[in-house]
Structure formats: C-alpha cells, structure tokens
Amino acid sequence: KAGVTQTPRYLIKTRGQQVTLSCSPISGHRSVSWYQQTPGQGLQFLFEYFSETQRNKGNFPGRFSGRQFSNSRSEMNVSTLELGDSALYLCASRTSGSYEQYFGPGTRLTVT
Amino acid sequence: GENVEQHPSTLSVQEGDSAVIKCTYSDSASNYFPWYKQELGKGPQLIIDIRSNVGEKKDQRIAVTLNKTAKHFSLHITETQPEDSAVYFCAALPREAGNMLTFGGGTRLMVKP
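These protein sequence lines map, in sequence, to chains A and B.
Here our numbering is used: position 103 in the first sequence is 103, and no number is missing along the way.
For our numbering, add 1000 to where a residue sits in the second sequence, where the first one is 1.
This is the structure we're talking about:
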C-alpha cells in the first residue's frame, strides 16, 4: 500500500496570505489527523477528522481549519498567515479500530 | 490535559552499545504509548507501541517497557547501528481522546561508528 501523501512538500507564503495543504491517507484509512511541528513547541495536535466530521481540535486559533472529503482526503487551511505559522505540517492516518497512526512526509511552510 | 516529558534531549552512544530513552506522562487515563523515529526531512515513523494492559513489548533490537503505577515508559535499543541515528519521540494517547496524541519533546540519538 502507498503511504500517506502530502502536497505540496514545500511552500513559501507572505504574512497575511492564506494557504491550503492537502493530505491523502493510506487506502482504507478513514481517520486523518493534522499536527504542527516546530523547534520551539515540538509536535502539537491540530485536529482530527473521521468520515468528514471533525472529532477533536487542539488548542489553535480559528485561523486554522480543515475538512475531509468523502474519499477521506483532507485539507487544512490557515488564513491570515503569521510568521509564527512557519512549521512542518504533518498529516497522519489510521484505520478504524486501531490506535496506530501513520504519518506523511509533511509540508514545510515558510512564512516571510 | 495530558503532559509528556522525555529524557534525555540528546544521547550519544558508540555503535554496538545500548540506548535508553525515558518518558513520563501525567494522565492516568492514557492507554496507548507509541514511539516514533524521525529522520531528517521525513515524517515520524512508527517503530513500536505498547498498550496499557502490557508491561513490555519487543521487536528485534527495540523494546518498550511500561510502568503504569509510576506513569513512565521507556524505549530500549540494543546493538545500536549508525542508521539508528535520528530523533525519537514518545507519545501518549488518553482513552476517549480519538487521535489526539501528546508527544514528548524528542531525543536526538547519535550513534558513532
């Protein structure tokens, strides 16, 4: 099976812009989660989607949003970008009934 | 909420030696504890995990132990090799938290040939 894929891999945006990141989970996995990784804060949970519904949300401002489509693919959006949003954004997927989460390679977002 | 602390932050060992990384967690409701390995430019890779009803789990050169009473768990790597060099993260998942893993701060392991 193919692993979790994320596009784009690298992105440079300007402060104030918005950005959309995409994640395709492992085939058959209906649960998708997003994490932010920074040197200062480490790995932090953003949100989780299952069957197109958000099930959990981490402690991030409303500028961070996401959605999941009927084919389980997910997107996350960050509006009004700030310098502090520069990070590696990771997507992870898992199958129902399993705890194991498998991560994609991430999207490296740089905000200038 | 859950809080996970990981030690040490860096660890340097000679090839062939053993490496041990320790984590403590705060939420007694946590029941799943995975370990991830992250190499430069890649996403975290699940290498081993343990559930709260098990005290120890082994997979070839790696093992994880869990002490629920003390709320700590450890990763043991034996016969280390240069390709084991990476950043390792522990995590905890409280029951009813869905996918919301709480991660430790990471340990940079360097294996010297």
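Just so it is clear, CB atoms sit at the ideal spot from N, CA and C, and this is done for glycine as well.
Listed by chain order, chain A residues near residue i by CB distance under 7 Å
{"i": "L1101/B", "result": "F45, Q101"}
{"i": "K1042/B", "result": "P105"}
{"i": "L1066/B", "result": "None at all; the shortest Cβ gap to chain A is about 14 Å."}
Residue from the options whose Cα sits closest to the Cα of residue i
{"i": "R1061/B", "options": "S1052/B, K1068/B, H1076/B", "result": "H1076/B"}
{"i": "T1107/B", "options": "P1008/B, N1003/B, E1002/B", "result": "P1008/B"}
{"i": "L11/A", "options": "A92/A, T95/A, V78/A, S93/A", "result": "V78/A"}
{"i": "T113/A", "options": "E82/A, F60/A, H29/A, M76/A", "result": "The structure shown does not extend to residue 113/A, since chain A is modelled only from 1 to 112, so the question has no answer here."}
{"i": "F1046/B", "options": "T1102/B, D1017/B, Y1088/B, T1010/B", "result": "According to the sequence displayed, residue 1046/B carries Leu and not Phe. Closest by alpha carbon: Y1088/B."}
{"i": "E1079/B", "options": "D1017/B, N1099/B, H1072/B, T1010/B", "result": "D1017/B"}
{"i": "A1097/B", "options": "S1012/B, D1027/B, T1010/B, Q1006/B", "result": "D1027/B"}
{"i": "S93/A", "options": "G16/A, R30/A, A2/A", "result": "R30/A"}
{"i": "G40/A", "options": "A87/A, T107/A, P61/A", "result": "A87/A"}
{"i": "H1072/B", "options": "L1109/B, V1020/B, T1010/B, V1111/B", "result": "V1020/B"}
{"i": "R67/A", "options": "Y89/A, K1/A, E52/A, Q36/A", "result": "E52/A"}
{"i": "Y1036/B", "options": "V1054/B, C1090/B, N1099/B, L1101/B", "result": "C1090/B"}
{"i": "Y1025/B", "options": "L1109/B, S1074/B, G1055/B", "result": "S1074/B"}
{"i": "E1002/B", "options": "S1012/B, V1054/B, G1055/B, C1023/B", "result": "C1023/B"}
Neighbour list for residue i in chain C, Cβ cutoff strictly below 9 Å
{"i": "P8/A", "result": "In the structure shown, chain C does not exist; the protein chains are A and B."}
Sequence-distant residues of its chain with Cβ nearer than 6 Å to residue i (five each side left out)
{"i": "D1049/B", "result": "P1034"}
{"i": "R1095/B", "result": "A1029, N1031"}
{"i": "S33/A", "result": "E48, A92"}
{"i": "K1057/B", "result": "I1050, V1064"}
Amino acids of chain B, ordered along the chain, whose beta-carbon sits closer than 8 Å to that of residue i
{"i": "R30/A", "result": "The contacting residues do not exist; R30/A stays about 11 Å from chain B at best."}
{"i": "E48/A", "result": "G1098, N1099, M1100"}
{"i": "G40/A", "result": "The contacting residues do not exist; G40/A stays about 10 Å from chain B at best."}
{"i": "L90/A", "result": "G1043, P1044"}
Residues near residue i by beta carbon distance below 7 Å, same chain, minus five either side
{"i": "D1059/B", "result": "I1048"}
{"i": "D85/A", "result": "V78, L109, V111"}
{"i": "T5/A", "result": "S24, G104"}
{"i": "K1/A", "result": "I26, S27"}
Cβ neighbour criterion (16 or more within 10 Å) applied to residue i
{"i": "Q1014/B", "result": "exposed"}
{"i": "G1043/B", "result": "buried"}
{"i": "N1067/B", "result": "exposed"}
{"i": "Q1081/B", "result": "exposed"}
{"i": "T7/A", "result": "exposed"}
{"i": "A1092/B", "result": "buried"}
{"i": "S1085/B", "result": "buried"}
{"i": "V1004/B", "result": "buried"}
{"i": "L1040/B", "result": "exposed"}
{"i": "V1111/B", "result": "buried"}
{"i": "T1102/B", "result": "buried"}
{"i": "G1104/B", "result": "buried"}
{"i": "N1099/B", "result": "buried"}
Chain A residues whose Cβ lies nearer than 8 Å to that of residue i
{"i": "D1049/B", "result": "Y99, E100"}
Where residue i meets chain B, residues with beta-carbon distance less than 9 Å
{"i": "R67/A", "result": "What R67/A touches in chain B: nothing, since even the nearest Cβ is about 16 Å away."}
{"i": "G58/A", "result": "M1100"}
Beta-carbon neighbours of residue i, restricted to chain B and to distances below 7 Å
{"i": "S24/A", "result": "Residues of chain B passing the Cβ test: none, with the nearest at roughly 13 Å."}
{"i": "L109/A", "result": "Within 7 Å Cβ-Cβ: nothing; L109/A doesn't reach chain B, min ~14 Å."}
{"i": "R94/A", "result": "N1099"}
{"i": "S113/A", "result": "In the structure as shown, chain A begins at 1 and stops at 112. Residue 113/A is therefore absent and cannot be evaluated."}
Contact list for residue i against chain A, beta-carbon separation under 9 Å
{"i": "F1089/B", "result": "G42, L43"}
Close-in-space but distant-in-sequence residues of the same chain around residue i (CB under 8 Å, 5 per side omitted)
{"i": "R9/A", "result": "P105, G106, T107, R108"}
{"i": "Q37/A", "result": "L43, Q44, A87, L88, Y89, L90, G106"}
Contact test: residue i Cβ vs the ligand GTP heavy atom, cutoff 6 Å
{"i": "E48/A", "result": "Judged by which ligands are present, the structure shown has none, so any question about the ligand GTP falls away."}
Would you check if the segment 47-57 of chain A and the segment 101-108 of chain A touch, i.e. whether three or more CB-CB distances between them fall below 8 Å? no
On the three-pair Cβ rule with 8 Å, is the segment 16-26 of chain A touching the segment 71-78 of chain A? Short answer: they touch.
Count the CB pairs spanning the segment 11-20 of chain A and the segment 39-52 of chain A that are closer than 8 Å, and state whether there are at least three. Three or more Cβ pairs closer than 8 Å define a contact, and the segment 11-20 of chain A falls short of that threshold against the segment 39-52 of chain A.
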